[in-house]
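Undergrad:
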Amino acid sequence: MKWLITGAGGMVASDLRNALAARGEDFLPLTRSDLDITDSRAVTTAVVDAQPSIIVNCAGYTRVDDAESNERLANAINGSSVELLAEAANAAEALLVHISTDFVFDGRSQRPYDINDRTGPLSVYGRSKLLGEHAASHARKHVIVRTSWLFGTSGPNFVEAIRGQIQKGTNPLRVVNDQRGRPTYTSHLADAIIRIANLDARGMIHYADEPECTWYDFARAIVEELGSDIAVKPVSTEDFTRPATRPAYSVLSTERYERLTGVRPESWREGLREYLENRG
Ligand SMILES: NC(=O)c1ccc[n+]([C@@H]2O[C@H](COP(=O)([O-])OP(=O)(O)OC[C@H]3O[C@@H](n4cnc5c(N)ncnc54)[C@H](OP(=O)(O)O)[C@@H]3O)[C@@H](O)[C@H]2O)c1
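Here it is in structure tokens:
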């Protein structure tokens, strides 16, 4: 089995590369400078040359707030490029694994979002990712893995934002307590992607670490694990105006993942400990 990874310089891709290397898998990681997924001819050539059996699209326009003023670019990278990857996957008879987000939901649910729940993105980023989901579904063999609140050793993330605030001497830390989701360690996500791809599963699957919490709960855990005595104060979303609207509740149900794999999602708290050990 040969894997081709797009956006191979990113946070999820880095852990996927490590996980595949540890398993002795044959994979071709293509960073943005190796392959720009908006370039139709380059996508076709890369896939024809590599003849992969699995293409994992880790490329994306991921700056949620910047997307509000860069809609065209966000749609091109997160939407139309995925169409190119689906076509290339079909020509190579490869499985396309595409990564999507909890931000395709409107956050009004009272219970964890199921794979078939109605979407209703609140931001340009969310809408561009929804375009990507539709595009990925045009691959005859496809899996769309929705995930949430990622942190990993190879990218800027919430853990580093909190650490940065502590280092700056901010006290107390003010963190929103009215957005709920499921933080996910990218190394756990990488393992889940490999497990899903090996199952030959198709369609939509949610993977996120356990349990659900708010950003405030997550921040408190980070502060505790860092051994800091800084105070963490819960605040509401209204206290933090940001360009992009986030869903208030974006807890993903991982029921299908658990049923298909027979494995429960990992704990983000364990992931956080491993992250801090690895990143220092
Ligand atoms: N981060 C989260 O909390 C989160 C949550 C849910 C879902 N996701 C999804 O998870 C996936 C991976 O995200 P991540 O957190 O690993 O993001 P990331 O670290 O920003 O990685 C994305 C990678 O895509 C590359 N890229 C951007 N435009 C490209 C293009 N035109 N052609 C090829 N590569 C391109 C980026 O390169 P440059 O750095 O050079 O631009 C970067 O290396 C994305 O689909 C994202 O939407 C993320």
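Numbered according to this note's numbering, the sequence shown spans residues 2 to 281. Every residue gets a Cβ at the ideal spot worked out from N, C-alpha and C, and that includes glycine. Remember, it's a predicted structure, so these values are computed and weren't measured experimentally.
Does E57 come out as helix, strand or coil in the three-state DSSP assignment?
TA: The amino acid occupying residue 57 in the given sequence is Val; Glu does not appear at that position. Strand at V57.
Undergrad: Quick check on R260: does DSSP put it in helix, strand or coil?
TA: Correct three-state label for R260: helix.
Undergrad: Leaving out five residues on either side along the sequence, give the residues of the same chain with a beta carbon under 6 Å from the beta carbon of A14.
TA: The answer, listed in chain order, is I6, G8, C59.
Undergrad: Within this structure, are the beta carbons of A89 and T45 separated by less than 8 Å?
TA: Their beta carbons are under 8 Å apart, which means A89 touches T45 by this criterion.
Undergrad: Taking the alpha carbon of S290 as the reference point, which residue from R243, Y250, R257, R265 has its own alpha carbon closest?
TA: Nothing about residue 290 can be read from this structure; the chain reaches only from 2 to 281.
Undergrad: N79: which of C214, E94, L190, V105 sits nearest, CA to CA?
TA: Checked all of C214, E94, L190, V105; the closest Cα to N79 is V105.
Undergrad: Do E259 and R265 have their C-beta atoms within less than 8 Å of each other?
TA: Against a cut-off of 8 Å, the Cβ pair of R265 and E259 comes out as a contact.
Undergrad: Hey, is L151 close to ligand 1, as in C-beta under 7 Å from one of its heavy atoms?
TA: Yes.
Undergrad: When the Cα of V49 is compared with those of G11, R24, R64, A95, which residue comes out closest?
TA: Residue A95 is the option with its Cα nearest to V49.
Undergrad: For the 8 Å Cβ check, are there 3 or more pairs between the stretch 143-153 and the stretch 191-207?
TA: The stretch 143-153, when compared against the stretch 191-207, does touch it at the 8 Å Cβ threshold.
Undergrad: Looking at the strands, I want to know which residues DSSP matches up with M205.
TA: I145, per the DSSP bridge assignment.
Undergrad: Look at P235 and C214 and say whether their C-beta atoms are less than 8 Å apart.
TA: No, these two residues do not count as a Cβ contact at 8 Å.
Undergrad: Is the beta carbon of K142 within less than 7 Å of some heavy atom of ligand 1?
TA: K142: no, Cβ never under 7 Å from ligand 1.
Undergrad: Kindly indicate which residue of G108, R112, I55, A136 has the alpha-carbon position closest to the one of A87.
TA: Measuring from the Cα of A87, the nearest candidate turns out to be A136.
Undergrad: So is the beta-carbon of Y62 under 7 Å away from any non-hydrogen atom of ligand 1?
TA: Indeed, a heavy atom of ligand 1 lies less than 7 Å from the Cβ.
Undergrad: State the DSSP-derived secondary structure class of D27, mapped to helix, strand or coil.
TA: Strand.
Undergrad: Verify the contact flag: G170, CB atom, against every heavy atom of ligand 1, threshold strictly below 7 Å.
TA: No, ligand 1 has no heavy atom inside 7 Å of this Cβ.
Undergrad: With 16 as the cutoff for other CB atoms within 10 Å, does R247 come out buried or exposed?
TA: R247 should be labelled buried.
Undergrad: Is it the case that the CB of Y36 approaches a heavy atom of ligand 1 more closely than 7 Å?
TA: For the sequence presented, residue 36 should be read as Leu rather than Tyr. The answer is yes for L36.
Undergrad: Closest to I34 by C-alpha separation, out of A47, S101, A23, E72, would be which residue?
TA: Note that residue 34 is Ser in the sequence shown here, rather than Ile. Selected option, being the one with the closest Cα: A47.
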